[in-house]
Amino acid sequence: MRKPRKKYLFFLPIAVILVLIYYFSITVNFDNEKLAKRGVRNLIDKSANMEDVYILQSINLGKEKYTLVEVNNKLFLLQLGDKLFNRRKVTNINSLFGSARAQVFQASVGKYLIYYGRVENPTIKYVIVNTVDKKYRINFSNTRNILEYCKVEDEAQTGNLVATYDYYDKDGKLILNSSF
1 MRKPRKKYLF FLPIAVILVL IYYFSITVNF DNEKLAKRGV RNLIDKSANM EDVYILQSIN
61 LGKEKYTLVE VNNKLFLLQL GDKLFNRRKV TNINSLFGSA RAQVFQASVG KYLIYYGRVE
121 NPTIKYVIVN TVDKKYRINF SNTRNILEYC KVEDEAQTGN LVATYDYYDK DGKLILNSSF
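All residue numbers for the sequence shown refer to UniProt numbering, where the first residue is 1 and numbers rise by one.
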């Protein structure tokens, strides 16, 4: 057996350093708020001020974590993967133009309909998402920025939904209906 050549050993540390740089460029540490803001800013818009980056809400669905962030008055939904070295890998970034959006995501424990965005009317307490064959009810918390979910069947298509949305107050009175 022959010995490995020394020139190959020279490139091994360089390859390790490049892999580490790549890993830390696509991951964010969400344990510390300041580091999380800096990581989100570097991923979405490096020219944004730290004062214009807000981490609004997060939900955990199995191994995945979904985080609603605001950068320069625009909303983004970050889909985060497994945690390694106190950092989570950002697997998907969904931007939001408009007031709200509903999407079906595949999590490790099933499929979920995630509704995210802004609700300008504080009297709205829940939404009924009307798809072609099914209706889903999603209750809102008392915040302006919404990140809520409900479980859907495994047969549901992942991605954006073609649906109408009926918004109701706490008494069940229809306030607004719209479609996206």
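The beta carbon of each residue, even a glycine, is placed where N, CA and C say it ideally should be.
No experiment lies behind these values; they were computed from the predicted model shown.
Residue i, buried or exposed, once every other Cβ within 10 Å from all chains shown has been counted against 16
{"i": "residue 15", "result": "exposed"}
{"i": "residue 93", "result": "exposed"}
{"i": "residue 79", "result": "buried"}
{"i": "residue 44", "result": "buried"}
Beta-carbon gap between residue i and residue j smaller than 7 Å
{"i": "residue 145", "j": "residue 56", "result": "yes"}
{"i": "residue 150", "j": "residue 96", "result": "no"}
{"i": "residue 147", "j": "residue 116", "result": "yes"}
{"i": "residue 163", "j": "residue 131", "result": "yes"}
{"i": "residue 182", "j": "residue 35", "result": "Past the boundaries of the shown model lies residue 182; the chain is included only from 1 to 180, so the question cannot be answered."}
{"i": "residue 167", "j": "residue 127", "result": "yes"}
{"i": "residue 99", "j": "residue 118", "result": "yes"}
Euclidean distance between Cα positions of residue i and residue j
{"i": "residue 49", "j": "residue 155", "result": "42 Å"}
{"i": "residue 51", "j": "residue 33", "result": "12 Å"}
{"i": "residue 195", "j": "residue 47", "result": "No answer is possible for residue 195: the residues shown for the chain start at 1 and end at 180."}
{"i": "residue 61", "j": "residue 109", "result": "7 Å"}
{"i": "residue 165", "j": "residue 136", "result": "10 Å"}
{"i": "residue 31", "j": "residue 86", "result": "7 Å"}
Enclosing beta strand (DSSP E) for residue i [first to last residue]
{"i": "residue 81", "result": "74 to 84"}
{"i": "residue 164", "result": "164 to 168"}
Start-end ranges of the alpha helix (DSSP H) lying completely within the stretch 27 to 72, minimum 4 residues: Counting only runs of 4 or more residues that sit fully inside the stretch 27 to 72, the alpha helix (DSSP H) segments are 33 to 44, in chain order.
Whole beta strand (DSSP E) elements within the stretch 89 to 145, 3-residue minimum: The stretch 89 to 145 contains, as complete beta strand (DSSP E) runs of 3+ residues, the segments 100 to 107, 110 to 118, 126 to 130, 135 to 139 (chain order).
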